[in-house]
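Undergrad: Just so we're aligned: 389 in full-length UniProt numbering is position 389 of the sequence shown, and the numbers increase by one with no gaps anywhere. For glycine and all other residues, C-beta sits at the position ideal for the given N, C-alpha and C.
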Amino acid sequence: MPNEVLDLGRGAHAPPGTHDPRVHPVPLGKATSPPESISRGESRISVIRNSVKKHVKKHVKKHLSSMFISGQLTKQLASALRLSNAALVAGACLSVFDLVCDSAMINEFISSDRPGFATATLATIVVNLVCQLIFVVLQHKKRGWLVVLRECFFVLTFVKPGADVYRVMTHQKHKTNALTDPTTEMITLRSVDLCTECVPGAIIQAMAFVDGQHSSVAVVSLISSLLTAAFISASIGLEKDIDSECRLHSPHFYGLVNLKSKRQIAIVCVLLLLQSICQLAAKSFAFALCSSEGFTTLAWYLSIDMSLAIIIKLVRRDFGYWVPTPESGLPRFLTSLLVRIITKILLDFTSCLLMRHPYEYGGAYYSFTVLSTPLVCVYFGSRYLAFIEDDEVRASLSFVFTSEQVYGGLGALTVVQFASFACLLAVIERKYWVTFLGTTTATEYTISMFQNSQHDFRKIQNTLEVHPSLWHRIEQDVRFWLHERLPIWIAESPPWFDDQVKAIIPENLVANKMVLARIRGESVRKVIKERSVKY
Numbered sequence: 001m002p003n004e005v006l007d008l009g010r011g012a013h014a015p016p017g018t019h020d021p022r023v024h025p026v027p028l029g030k031a032t033s034p035p036e037s038i039s040r041g042e043s044r045i046s047v048i049r050n051s052v053k054k055h056v057k058k059h060v061k062k063h064l065s066s067m068f069i070s071g072q073l074t075k076q077l078a079s080a081l082r083l084s085n086a087a088l089v090a091g092a093c094l095s096v097f098d099l100v101c102d103s104a105m106i107n108e109f110i111s112s113d114r115p116g117f118a119t120a121t122l123a124t125i126v127v128n129l130v131c132q133l134i135f136v137v138l139q140h141k142k143r144g145w146l147v148v149l150r151e152c153f154f155v156l157t158f159v160k161p162g163a164d165v166y167r168v169m170t171h172q173k174h175k176t177n178a179l180t181d182p183t184t185e186m187i188t189l190r191s192v193d194l195c196t197e198c199v200p201g202a203i204i205q206a207m208a209f210v211d212g213q214h215s216s217v218a219v220v221s222l223i224s225s226l227l228t229a230a231f232i233s234a235s236i237g238l239e240k241d242i243d244s245e246c247r248l249h250s251p252h253f254y255g256l257v258n259l260k261s262k263r264q265i266a267i268v269c270v271l272l273l274l275q276s277i278c279q280l281a282a283k284s285f286a287f288a289l290c291s292s293e294g295f296t297t298l299a300w301y302l303s304i305d306m307s308l309a310i311i312i313k314l315v316r317r318d319f320g321y322w323v324p325t326p327e328s329g330l331p332r333f334l335t336s337l338l339v340r341i342i343t344k345i346l347l348d349f350t351s352c353l354l355m356r357h358p359y360e361y362g363g364a365y366y367s368f369t370v371l372s373t374p375l376v377c378v379y380f381g382s383r384y385l386a387f388i389e390d391d392e393v394r395a396s397l398s399f400v401f402t403s404e405q406v407y408g409g410l411g412a413l414t415v416v417q418f419a420s421f422a423c424l425l426a427v428i429e430r431k432y433w434v435t436f437l438g439t440t441t442a443t444e445y446t447i448s449m450f451q452n453s454q455h456d457f458r459k460i461q462n463t464l465e466v467h468p469s470l471w472h473r474i475e476q477d478v479r480f481w482l483h484e485r486l487p488i489w490i491a492e493s494p495p496w497f498d499d500q501v502k503a504i505i506p507e508n509l510v511a512n513k514m515v516l517a518r519i520r521g522e523s524v525r526k527v528i529k530e531r532s533v534k535y
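(1) Tell me which residues share the same chain as A104 and place their Cβ nearer than 7 Å to its Cβ, disregarding the 5 neighbours each side in the sequence.
(2) In this structure, how does DSSP classify F497 when only helix, strand and coil are distinguished?
(3) In three-state terms, what does DSSP make of K62?
(4) I need the DSSP call for P374, collapsed to helix, strand or coil.
(5) Got a sec? Which residues, its chain only, sit under 7 Å from L347 by beta carbon, not counting five neighbours each side?
(6) Tell me which residues share the same chain as A299 and place their Cβ nearer than 6 Å to its Cβ, disregarding the 5 neighbours each side in the sequence.
(7) K62 to R247, Cα distance in whole Å?
(8) Between the alpha carbons of K173 and T183, how many angstroms are there, rounded?
(9) I need the boundaries of the alpha helix (DSSP H) containing T228, first residue and last residue.
(10) DSSP state of Q417, grouped into three classes?
(11) Would you kindly work out how many angstroms separate the C-alpha atoms of M67 and D243, rounded to a whole number?
(12) So S215 packs on E389, CB below 8 Å; how close in whole Å?
(13) Assess contact between the stretch 112 to 120 and the stretch 152 to 161, defined as three or more Cβ pairs (one per stretch) separated by less than 8 Å. Is contact present?
(14) Could you compute how far the alpha carbon of R22 sits from the alpha carbon of R458?
(15) When you compare only the Cα positions, how much space is there between L516 and V510?
(16) Straight-line CA distance for S284 to A206?
(17) Buried or exposed for residue 619, please, with buried defined as at least 16 other CB atoms from any protein chain shown within 10 angstroms of its CB.
(18) Evaluate contact between the stretch 378 to 386 and the stretch 311 to 319, counting only Cβ atoms and requiring at least three cross-stretch pairs below 8 Å.
(19) Is the stretch 265 to 276 touching the stretch 424 to 431, taking contact as three or more C-beta pairs under 8 Å?
(20) Quick check: the Cα distance between D193 and V130, rounded to an integer number of angstroms?
(21) With a floor of 4 residues, list each alpha helix (DSSP H) that falls wholly inside the stretch 120 to 175, ordered by position along the chain.
(22) Would you call the stretch 163 to 172 in contact with the stretch 194 to 213, where contact means no fewer than 3 C-beta pairs closer than 8 Å?
(23) Along the chain, where does the alpha helix (DSSP H) that runs through Y359 open and close?
(24) Can you find a heavy atom of the ligand SAM that lies under 7 Å from the Cβ of S244?
(25) Closer than 8 Å is the cut-off here; do at least three beta carbon pairs connect the stretch 441 to 451 with the stretch 396 to 404?
(26) Three-state secondary structure (DSSP) at R518?
(27) Distance check for R143 and E522, CA to CA, integer angstroms please.
(28) Using 10 angstroms around the beta-carbon of W145, count the other beta-carbons present and answer buried if the total reaches 16, otherwise exposed.
(29) Alpha carbons only, please: which of K431, I505 and G320 is nearest the one belonging to H252?
(30) Within its chain, find whatever has a CB closer than 6 Å to the CB of L94; leave out the 5 residues flanking it on each side and keep chain order.
(31) If you reduce the DSSP assignment to three classes, tell me which class M1 lands in.
(32) Rounded to whole angstroms, what is the Cα-Cα separation between V155 and V416?
(33) With DSSP as the reference, label A281 as helix, strand or coil.
(34) Would you tell me roughly how many angstroms separate the C-alpha atoms of S250 and V323, rounded to the nearest one?
(35) So, for D318: in the same chain, excluding its five sequence neighbours on each side, which residues have a beta-carbon less than 6 Å away from its beta-carbon?
Given below as structure tokens:
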């Protein structure tokens, strides 16, 4: 045992009043001078034996305690995982049912001589399929065309949600040459489905309802669209929060739900679902009422709202998305713009919990969006009531709502939505309230995570696995850190230091050519080539 050798001496006598190792053995690594370590007649073997016994007892107790805690945590995560899997299955079933309802509504729109609504509904389905096909091709194109054709077949036959759920539930790993892992693929396709089909479909059917389409099929289809969109949004936020890797990676952000309490998990699920469905229903009907006088006001509102969100991101230098894509310049700008628009739609209409992350729109903007929903709904409702005051206008409309119906319906939805948000804050762990008020940018968050992380692998995740522009300010610190730690990782070879991690280490941050050669073996170069990452 280096650095832990006890110099016991020979014939040393302990003066009166000094430490007696027969009563309190001295731990290894904390040896004192010979007179304090051994009393008269004490043998070297007995001192070592007593010290070893004490250390063995201490470490065995610590190990057993760790095993107990780990076992309890495993049970909690297993329970949360079962709930997550059930939510995945329910979400996939709702998506398929919503598609069936949309098809039925297209047929009813055509039968009732409303081709405009039928065309709009069909357009949302087609756009959704096209966007999913584009992503699937990008996701699997390096795995071979047979895989691409199989995934495209899943999309066109509407079984893709079920296939993604199966892969996530069976814990399938990131496939070689795939763009992302199965969980990220599923969340991305869910977000695309929300933005291109669920939310637009809910607005279209709300417009049809305002226009007098009150059949049972229309009501069921409208409820299905609202419930599907809200359920997918709520499940995305909850699944990320209870994910064990997310909690280890960002414990100060993920962990709203106490996994020890099944009751709390159930309550949070219900509150998230209520908040999402009420916000989507309120805004859908408010937009539908406003569309009665034309789409000019609605178009101006959406354009100004989206533009302000983008301008805020640009002014704060927080526009570029965090995903470490190799693109730069205009391609990266367009990619970030597309993602910002999609995430803004998710936040505005479903209040997806994940959108409060600094990599998305932040906690303060999230709370502002949730709390401003009643004002938006009241404004559009008042415009509708002012529009129908004209007798000629009232006569031209198929159906007219009274002021009590408008304010009562929108008021009830916004009150439930606001109450759900307030109850959510009351139920979750209080230390996470700050995540609903945060103004931290993605760059500030990345730098903070690197500086405060204690584990090497967490530091890598917080820097090298996000876009370099987010940690450009501390590039020199990252270089010095890699210079210090790389030789240790090579010598000790920790389990996480595999080819995938070695491949994301930029060559320009490794000054030692010998170290660089050690981490750029043939297998690592193959991974780099497969990822098409250029350093």
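TA: So, from the listed chains and residues:
(1) Position 104 of the sequence shown, counted from the start, is the residue given in the question as residue 104. Within the same chain, V217 and S221 come within 7 Å of A104 by CB-CB distance, once the 5 residues on both sides are set aside.
(2) Indexing the sequence shown from 1 puts residue 497 at position 497. F497 falls in the coil class under three-state DSSP.
(3) For the purposes of this step, residue 62 is taken as residue 62 along the sequence shown, with counting starting at 1. Here K62 scores only 42 on pLDDT, less than 50, and its place in the model is too uncertain to base an answer on.
(4) Taking the sequence shown and counting its residues from 1, one reaches residue 374 at position 374. Here P374 sits in helix by DSSP.
(5) Along the sequence shown, read from residue 1 onward, the residue named residue 347 stands at position 347. Here the set comprises M355, Y361, Y366 and T369.
(6) On the sequence shown, residue 299 is found 299 positions in, with the first residue counted as 1. Excluding residues within five positions, none has a Cβ falling inside 6 Å.
(7) Here residue 62 is taken as the residue at index 62 of the sequence shown, counted from 1. Here residue 247 is taken as the residue at index 247 of the sequence shown, counted from 1. Note that K62 scores 42 on pLDDT, short of 50, meaning its location in the model is unreliable and no value can be drawn from it.
(8) In the sequence shown, the residue the question calls residue 173 occupies position 173. In the sequence shown, the residue the question calls residue 183 occupies position 183. Using only the alpha carbons, I get a separation of about 9 Å.
(9) On the sequence shown, position 228 is the one that residue 228 refers to. From DSSP, the alpha helix (DSSP H) with T228 extends over S216 to I242.
(10) Position 417 of the sequence shown, counted from the start, is the residue given in the question as residue 417. When secondary structure is reduced to three states using DSSP, Q417 falls in the helix class.
(11) Residue numbering aside, residue 67 sits at position 67 when the sequence shown is read from its first letter. Residue numbering aside, residue 243 sits at position 243 when the sequence shown is read from its first letter. Confidence at M67 is low in this model, with a pLDDT of 39, below 50, so its placement is unreliable and no value can be given for it.
(12) Along the sequence shown, read from residue 1 onward, the residue named residue 215 stands at position 215. Along the sequence shown, read from residue 1 onward, the residue named residue 389 stands at position 389. The beta carbons of S215 and E389 sit about 29 Å from each other, so the pair does not count as a contact at 8 Å.
(13) Flag = no, the stretch 112 to 120 and the stretch 152 to 161 do not touch.
(14) Within the sequence shown, residue 22 is the residue found at index 22, counting from 1. Within the sequence shown, residue 458 is the residue found at index 458, counting from 1. In this prediction, R22 scores a pLDDT of 40, lower than 50, which makes its location untrustworthy; the coordinate-derived value is nonetheless stated afterwards. Answer to the nearest angstrom: the Cα atoms are 45 Å apart.
(15) Residue numbering aside, residue 516 sits at position 516 when the sequence shown is read from its first letter. Residue numbering aside, residue 510 sits at position 510 when the sequence shown is read from its first letter. Their Cα atoms are separated by approximately 6 Å.
(16) Reading the sequence shown from its first residue, position 284 is the one you call residue 284. Reading the sequence shown from its first residue, position 206 is the one you call residue 206. Straight-line measurement puts the Cα of A206 at about 6 Å from the Cα of S284.
(17) An answer regarding residue 619 cannot be provided, because it is not within the stretch 1 to 535 covered by the chain.
(18) Judged by Cβ distances under 8 Å, the stretch 378 to 386 makes no contact with the stretch 311 to 319, as fewer than three pairs qualify.
(19) In this structure the stretch 265 to 276 lies against the stretch 424 to 431, because at least three pairs of beta carbons, one per stretch, are closer than 8 Å.
(20) Here residue 193 is taken as the residue at index 193 of the sequence shown, counted from 1. Here residue 130 is taken as the residue at index 130 of the sequence shown, counted from 1. Looking at the backbone, the Cα of D193 and that of V130 are separated by about 11 Å.
(21) Fully enclosed alpha helix (DSSP H) runs of 4 or longer: 145 to 156 and 160 to 169.
(22) They do not touch, by the three-pair rule.
(23) Position 359 of the sequence shown, counted from the first residue, corresponds to residue 359. Note, Y359: premise wrong, no alpha helix (DSSP H); not H, not E.
(24) Judged by which ligands are present, the structure shown has none, so any question about the ligand SAM falls away.
(25) Contact annotation: the stretch 441 to 451 does not touch the stretch 396 to 404, with fewer than three C-beta pairs closer than 8 Å.
(26) If you number the sequence shown from 1, residue 518 lands on position 518. Three-state result, R518: helix.
(27) Taking the sequence shown and counting its residues from 1, the one referred to as residue 522 is at position 522. Taking the sequence shown and counting its residues from 1, the one referred to as residue 143 is at position 143. Their Cα atoms are separated by approximately 20 Å.
(28) Locating residue 145 in the sequence shown gives position 145, where the first residue counts as 1. Counting Cβ neighbours within 10 Å, W145 comes out exposed, since fewer than 16 surround it.
(29) Translated into the one-based positions of the sequence shown, residue 252 becomes position 252. Comparing Cα-Cα distances from H252 to each of K431, I505 and G320, the minimum goes to K431.
(30) As a working mapping, residue 94 is identified with position 94 in the sequence shown. Cβ within range, chain order: T228 and F231.
(31) On the sequence shown, residue 1 is found 1 positions in, with the first residue counted as 1. In this prediction, M1 scores a pLDDT of 42, lower than 50, which makes its location untrustworthy; the coordinate-derived value is nonetheless stated afterwards. Looking at M1 - three-state DSSP - the assignment turns out to be coil, as it is neither helix nor strand.
(32) The residue given as residue 155 occupies position 155 in the sequence shown. The residue given as residue 416 occupies position 416 in the sequence shown. If I take the Cα positions, the gap works out to 36 Å.
(33) The residue labelled residue 281 in the question sits at position 281 within the sequence shown. In the displayed model, A281 falls within a helix according to three-state DSSP.
(34) Within the sequence shown, residue 250 is the residue found at index 250, counting from 1. Within the sequence shown, residue 323 is the residue found at index 323, counting from 1. If you draw a straight line from the Cα of S250 to the Cα of V323, it comes to about 17 Å.
(35) Within the sequence shown, the letter at position 318 stands for residue 318. For D318, where only same-chain residues beyond five positions count, the Cβ hits under 6 Å are T441 and A442.
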